[in-house]
Amino acid sequence: MSGELSPIDKAKFVAAKRAVDFVEDGMRVGLGTGSTAAWMVRCLGELVREEGLKIKGVPTSTRTAQLARDCGIQVISLDEAKWLDLTIDGADEFDGDLNLIKGGGGALLQEKIVATASDQMIVIADVGKEVERLGAFPLPIEVIPFGWQTTKTLVEEMLISLDVLGRDVTLRMNGDRPFITDEGNHILDLHLNRIGNARQMAMVLNQVPGVVENGLFIDICDIVVVGYGDGRVEVRDINQGTVEKDRLDFTESDNLFSDLME
Ligand code: 5RP
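Here the numbering used here = 1-based position in the sequence shown + 957.
The following block contains the structure:
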């Protein structure tokens, strides 16, 4: 089965596999959303089932909650956990300061709450997600449905004064209907191409009435585990200023792949 994995899936898998090394018995762990995070949930599930790892998982979406339960991970709410030891999640982009764009999967609100409520956030990503400057990936913002068109206009007006290379704002669709988040909100995607000052953008966006949260994660991520299609992984720790290099074998975990389709 592993022979059928694309290089990008191998990169996601090795990043996920390396990241679960950080999880210890008794931890309360935030479980991210997306295809890379799904590998991580599978890897954690394997440790729970086969090595007796005892953890409680706080999922960041209904999709992840279902997958975690299917994998044998005990799922609790953030209110039950109150505080988390660690969150492991994917990202759409990360830069050299480990600032992120997230929300490609539409789960940015729960993801940001959960990551912020954690002692440590580890991002897992294939190397293609690394950028010099954030913004090539459209920046998602979650907005409440009431008056969303007015909110969109206000966001467009706000963008005029900011250092960006594009200003198109689109409503995310799911077929012919607006995409609905787990909180019942909509997502606006901001096609900015390049964000000159991500910190300023993150603060200003949340001042617009109707915007619930934006997909910029500034100073939240502590470690990024970068996966490569040939099995190499790098663990970059922004606080320690260290980079550890490793290489993982695909064959040992073939049983994880058989029904993972995301
Ligand atoms: C979901 C996210 C995901 O982490 C992000 O979109 C990356 O997804 P993938 O691992 O599938 O590339 O932020 O809201």
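Virtual Cβ for every residue (Gly too), placed ideally from N, Cα, C.
- Bounds of the alpha helix (DSSP H) holding L1066 are 1065 to 1073.
- D1049 sits close to K1059, with the two beta carbons spaced by under 8 Å.
- Contiguous beta strand (DSSP E) elements confined to the region 1037 to 1061 occur at 1043 to 1046, taking only those with 3 or more residues.
- E1003: member of the alpha helix (DSSP H) spanning 992 to 1008, first to last residue.
- Sequence-distant Cβ neighbours of G1062 in its own chain, meaning closer than 6 Å and more than five residues away, are T990, G991.
- Nearest Cα to P1095 within the set I1144, Q1077, T1108: I1144.
- Residues K1109, V1112, E1113, L1116, L1145, D1146, L1147, H1148 of the same chain have their beta carbon placed closer than 8 Å to that of V1126, with the five preceding and five following residues left out of the count.
- When the Cα atoms are used, R999 and R1026 turn out to be separated by approximately 10 Å.
- Counting the other Cβ atoms within 10 Å of the Cβ of G1002 gives 16 or more, which makes it buried.
- The C-beta distance from V1190 to V1182 rounds to 6 Å, short enough to fall under 8 Å.
- A residue is called buried once 16 or more other Cβ atoms fall within 10 Å of its Cβ, and I1012 is buried on that count.
- Judged by the Cβ position, G1186 fails to qualify as a neighbour of ligand 1 at the 7 Å threshold, every heavy atom of the ligand being at least this far.
- Distances between the C-beta of K967 and the heavy atoms of ligand 1 are all 7 Å or more.
- Partner residues in the beta bridge of A1082, as assigned by DSSP, are V1183.
- Taken from the Cβ of G1141, every heavy atom of ligand 1 lies 7 Å or farther away.
- Under the rule that a run must span 3 or more residues, the beta strand (DSSP E) segments found entirely inside the region 1083 to 1171 read 1096 to 1100, 1125 to 1128, 1143 to 1148, 1168 to 1171.
- Annotated three-state conformation of D978 is helix, per DSSP.
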